[in-house]
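Trainee: This is the structure I want to talk about, given as structure tokens.
Here is the structure:
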């Protein structure tokens, strides 16, 4: 992302994200790395989104479409966050599959400071990751947190020194891209189904959600490699 000055979450950035995810899928990408080319990952929403507040109505923007695009993309999305990552910026990260942060990032749900709460699924996703008590603390107080705290709370996955964020996030994205793509798609689908319907229902749906990878070249390669070379040596091709 590179929408100066601070990647504010507005219509241009939203359209760019949706176009980018669609392009990645069409090109046969096997993972996506979401990162910023600016000083901050995303410093919250573009205030232009809130012009409708003067009329007492919510913005006429389908933010759920962004969440749906992240969730249904059949490849892993890694968010690499640094600098200020607040409001909608944090929500973009939480919509991703894995979140890796530079150690000096400043992260939070700050919407309460202007009389809002998160508009793009932040409350729900923090509740999923860290529990109701932490979600209420983060959203009600509107504070910024250091990445180590949020890693400990399971809000984000990993923290690295700032100077290593680029290499570490790219290494992670490449590892995922080199993995069994159809199995990864199944994993995303099963996790989403579990969150939506619960564990017993996901148990019943699991066989169907795993069906596609049983026909994959990657599974054949994995089994052949296991027999010849032992575990962990397979080279997958993403189909």
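Residue numbers (this note's numbering): 20 to 258. Built from N, CA and C at the ideal position, the CB exists for glycine as well.
Taking the Cβ atom as the reference point for each residue, do residue 158 and residue 175 lie within a distance shorter than 7 Å?
Mentor: No, Cβ-Cβ distance for residue 158 and residue 175 is not below 7 Å.
Trainee: Have a look at the DSSP bridge pairing and note the partners of residue 119.
Mentor: Note: residue 119 sits in a beta bridge opposite 99, 177.
Trainee: Could you name each continuous alpha helix (DSSP H) segment of 4 residues or more that falls completely within the segment 149 to 200, going from the start of the chain to the end?
Mentor: Those alpha helix (DSSP H) runs which fall completely within the segment 149 to 200 and span 4+ residues are 151 to 160, 166 to 171, 184 to 196.
Trainee: In chain order, what residues of the same chain have a beta carbon less than 6 Å from the beta carbon of residue 117, not counting five sequence neighbours either side?
Mentor: Closer than 6 Å at the Cβ level, and outside the excluded window around residue 117, lie 97, 176.
Trainee: Does the pairing of the segment 178 to 192 with the segment 46 to 59 give three or more beta-carbon distances under 8 Å?
Mentor: The segment 178 to 192 vs the segment 46 to 59: in contact.
Trainee: Contact defined as beta carbons within less than 8 Å: I believe residue 241 pairs with residue 224. What is the distance between those atoms, to the nearest angstrom?
Mentor: Their Cβ separation, rounded to whole angstroms, is 23 Å, which puts residue 241 and residue 224 out of contact at 8 Å.
Trainee: I'd like the span of the beta strand (DSSP E) that includes residue 126, first residue to last.
Mentor: Start and end: 125 to 127.
Trainee: Quick one: what does DSSP say residue 253 is sitting in, helix, strand or coil?
Mentor: If DSSP states are grouped into helix, strand and coil, residue 253 belongs with coil.
Trainee: Please name the residue, chosen from 41, 75, 238, that lies closest to residue 11 on a Cα-to-Cα basis.
Mentor: In the structure as shown, the chain begins at 20 and stops at 258. Residue 11 is therefore absent and cannot be evaluated.
Trainee: Please state if the CB of residue 137 and the CB of residue 130 are separated by a distance shorter than 7 Å.
Mentor: Yes, Cβ-Cβ distance for residue 130 and residue 137 is below 7 Å.
Trainee: Please confirm if the segment 162 to 181 is in contact with the segment 231 to 246, defined as three or more CB-CB distances below 8 Å between the two stretches.
Mentor: With the cut-off at 8 Å, the segment 162 to 181 and the segment 231 to 246 do not touch.
Trainee: Between 160, 140, 59, which lies nearest to residue 125 when the distance is taken from Cα to Cα?
Mentor: For the residues 160, 140, 59, the minimum Cα distance to residue 125 belongs to 59.
Trainee: By how many angstroms is the C-alpha of residue 65 removed from the C-alpha of residue 250?
Mentor: Spanning the two alpha carbons is a distance of roughly 48 Å.
Trainee: Whole angstroms are fine: how far does the CA of residue 164 sit from the CA of residue 94?
Mentor: Each residue's alpha carbon lies about 29 Å from the other.
Trainee: Which of helix, strand or coil does DSSP assign to residue 28?
Mentor: Of the three classes helix, strand and coil, the one that applies to residue 28 here is strand, per DSSP.
Trainee: Taking the alpha-carbon positions, what's the residue 28 to residue 256 distance?
Mentor: If you take the alpha carbons of residue 28 and residue 256, they lie about 35 Å apart.
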